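Just below is one structure, and these are the notes that go with it.
2 protein chains.
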Amino acid sequence: MTKPIKAFIFDVYGTLFDVHTVQEKCEEFFPEKGETISQSWRQKQLEYFFLYQVMGKYRRFPVVTKNALHYAVKKHGEEITQEQSDALMDAYLHLDHYDEVEEVLGKLENYERVVFSNGTPETLTPLLEHAGLTDYIDDVLSVDGIKQFKPSQDSYLYALDQLGVKREEVLFMSSNGWDISGAKNFGFQTAWINRNRLPVEELNLEPDKIYEDLNGILEWIEDK
Amino acid sequence: MTKPIKAFIFDVYGTLFDVHTVQEKCEEFFPEKGETISQSWRQKQLEYFFLYQVMGKYRRFPVVTKNALHYAVKKHGEEITQEQSDALMDAYLHLDHYDEVEEVLGKLENYERVVFSNGTPETLTPLLEHAGLTDYIDDVLSVDGIKQFKPSQDSYLYALDQLGVKREEVLFMSSNGWDISGAKNFGFQTAWINRNRLPVEELNLEPDKIYEDLNGILEWIEDK
Numbered sequence: 053m054t055k056p057i058k059a060f061i062f063d064v065y066g067t068l069f070d071v072h073t074v075q076e077k078c079e080e081f082f083p084e085k086g087e088t089i090s091q092s093w094r095q096k097q098l099e100y101f102f103l104y105q106v107m108g109k110y111r112r113f114p115v116v117t118k119n120a121l122h123y124a125v126k127k128h129g130e131e132i133t134q135e136q137s138d139a140l141m142d143a144y145l146h147l148d149h150y151d152e153v154e155e156v157l158g159k160l161e162n163y164e165r166v167v168f169s170n171g172t173p174e175t176l177t178p179l180l181e182h183a184g185l186t187d188y189i190d191d192v193l194s195v196d197g198i199k200q201f202k203p204s205q206d207s208y209l210y211a212l213d214q215l216g217v218k219r220e221e222v223l224f225m226s227s228n229g230w231d232i233s234g235a236k237n238f239g240f241q242t243a244w245i246n247r248n249r250l251p252v253e254e255l256n257l258e259p260d261k262i263y264e265d266l267n268g269i270l271e272w273i274e275d276k
Numbered sequence: 053m054t055k056p057i058k059a060f061i062f063d064v065y066g067t068l069f070d071v072h073t074v075q076e077k078c079e080e081f082f083p084e085k086g087e088t089i090s091q092s093w094r095q096k097q098l099e100y101f102f103l104y105q106v107m108g109k110y111r112r113f114p115v116v117t118k119n120a121l122h123y124a125v126k127k128h129g130e131e132i133t134q135e136q137s138d139a140l141m142d143a144y145l146h147l148d149h150y151d152e153v154e155e156v157l158g159k160l161e162n163y164e165r166v167v168f169s170n171g172t173p174e175t176l177t178p179l180l181e182h183a184g185l186t187d188y189i190d191d192v193l194s195v196d197g198i199k200q201f202k203p204s205q206d207s208y209l210y211a212l213d214q215l216g217v218k219r220e221e222v223l224f225m226s227s228n229g230w231d232i233s234g235a236k237n238f239g240f241q242t243a244w245i246n247r248n249r250l251p252v253e254e255l256n257l258e259p260d261k262i263y264e265d266l267n268g269i270l271e272w273i274e275d276k
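Chains A and B supply the protein sequences, listed in that same order.
Per the numbering used here, the first sequence starts with residue 53, numbered consecutively.
Per the numbering used here, the second sequence starts with residue 53, numbered consecutively.
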């Protein structure tokens, strides 16, 4: 809290929305494997983002997410049909948002509120619409604008460039430890929304603040 | 098998050596959690390599590996002492090699045989020495020479530059799907040693050949 915050940047998947909402549909298609497939899906999706970035390649979010799904299903000894694949990808557009999201966003109305995600506009916009959150978000920023995934420095710089503020005037929020580490590495002020009570990543890039949900970030606003 | 192979590059961790040899010692220190801690340790170690590379940073293998260990222990609700940490890091220098490694390396004696790893010389050399494999390896190549982790293109280019052969004259072998994807992306011929019977990574970078252990690669030599 070294400087007043002018813009609040929210990560999307895991931070505003629960990526494991898809577990129920996974369970329907793959009985007794819903949880493990859902977890492997998410883990593989993240790994593929990192790998593509390390290899100097870019693939759009829906492609990476579908490929990760297919890997996860095969890893657990199952096969997936075209219909099941389509249904699960559609479920990813209807994830549940966390309980406090609307109220917290509402209280930030005097600030710039944007989301910034490895997702693309075609996945982020319907997700926010279905959740009724579009009125609370001033801009939807996607790595697709620069085709570099988070947590690369270029990706955060791209987001910053859309805002017209200084990097230390941004509070960046994510539930993903790797994302918070990247944002801290770039120079944003950071709040880790540690929904899963995990240890701080051992990357020597500690978050400025840690909260159990988004309510904690309200201490950063001046007109609360 | 489009071109004769002149050099065989072996990945080390997971490919020649079983990284889960440390499980026993983990179990000794953290009863009933040896397996999960060992798995989380390896997974976090890989994630940290990828994240540092994406963030444009480099940290040496022993640092990353120790930090990943500490994270894994905390994640599973345990605490680690200095002595335990030192003992587990030392165990990483005494991993078991897979059964067939010596015999297969022996049969490649007319070719250039090198290892190439995210490890550093200070971790790789004692590992190979303890296993009695130094006579079978012509050179120990480490990403530390360029300070870029695999699977970045620069890392594989660095390894190639040490060899004096063309990239398509190299057979690159790894048990790690991400490493094979990276090597394929770079242009090596690739053999995935699929020890854990996993699905092929869904990255559109399929290996040229898949074997269940290293014996399969002997079909690439002309004087077998």
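Here a beta-carbon is modelled for each residue, glycine too, at the ideal position from N, C-alpha and C.
For clarity, every value in this text was computed on a predicted model and none was experimentally measured.
| Query | Result |
| --- | --- |
| Going by beta-carbon coordinates alone, are B/Lys77 and B/Ala124 separated by less than 9 Å? | no |
| Please tell me whether B/Ile61 and B/Val167 are closer than 9 Å, where the distance is taken between their beta carbons. | yes |
| According to DSSP, is A/Ala177 part of a helix, a strand, or is it coil? | A small fix is needed here, since residue 177 of chain A is Thr in this sequence, not Ala. Helix, per DSSP. |
| What does A/Gly108 reach in chain B if we use C-beta pairs closer than 7 Å? | Gln205 |
| So for A/Phe101, helix, strand or coil by DSSP? | helix |
| At which residues does the beta strand (DSSP E) containing A/Lys261 begin and terminate? | 261 to 263 |
| Shorter than 9 Å from the beta carbon of B/Gln214 to some beta carbon of chain A? | no |
| Can the beta-carbon of A/Val153 be found closer than 9 Å to that of A/Ser169? | no |
| So is A/Val217 buried or exposed if we call it buried at 16+ other beta carbons inside 10 Å? | exposed |
| So for B/Ala59, helix, strand or coil by DSSP? | strand |
| Closer than 8 Å by C-beta to A/Lys118: which residues in its own chain qualify, once you throw out the five before and the five after it? Chain order, please. | Ser137, Met141 |
| B/Met107 by DSSP, collapsed to three states: which one? | coil |
| For the segment 61 to 72 of chain B against the segment 177 to 189 of chain A, are there 3 or more C-beta pairs whose distance is under 8 Å? | no |
| Residues of chain A with CB closer than 7 Å to the CB of B/Glu181, please, in chain order. | Ordered by position in chain A, no residue passes the 7 Å Cβ test against B/Glu181, which lies about 29 Å from the chain. |
| Given that B/Gly197 touches chain A, what residues does it touch there, using C-beta distances under 9 Å? | Neighbours of B/Gly197 on chain A: none; closest Cβ ~17 Å, over 9 Å. |
| Please name the residue, chosen from B/Gln241, B/Asn248, B/Ile232, B/Ala211, that lies closest to B/Glu254 on a Cα-to-Cα basis. | B/Ile232 |
| Assuming B/Ser226 and B/Gln105 are in contact, meaning their beta carbons sit under 8 Å apart, how far apart are those beta carbons, in whole angstroms? | In fact, because the Cβ distance is near 17 Å, the residues do not count as touching under 8 Å. |
| Taking Cβ positions only, does B/Gly66 come closer than 9 Å to chain A? | no |
| Hey, out of B/Leu157, B/Leu215, B/Ala243, B/Gly229, whose CA is closest to B/Leu223's CA? | B/Ala243 |
| Check each residue of the segment 241 to 274 of chain B: if its Cβ is closer than 9 Å to any Cβ of chain A, include it; give the result in chain order. | Leu250, Pro251, Val252, Glu253, Glu254, Leu255, Asn256, Leu257 |
| Closer than 9 Å, CB to CB, is A/Gln134 near chain B or not? | no |
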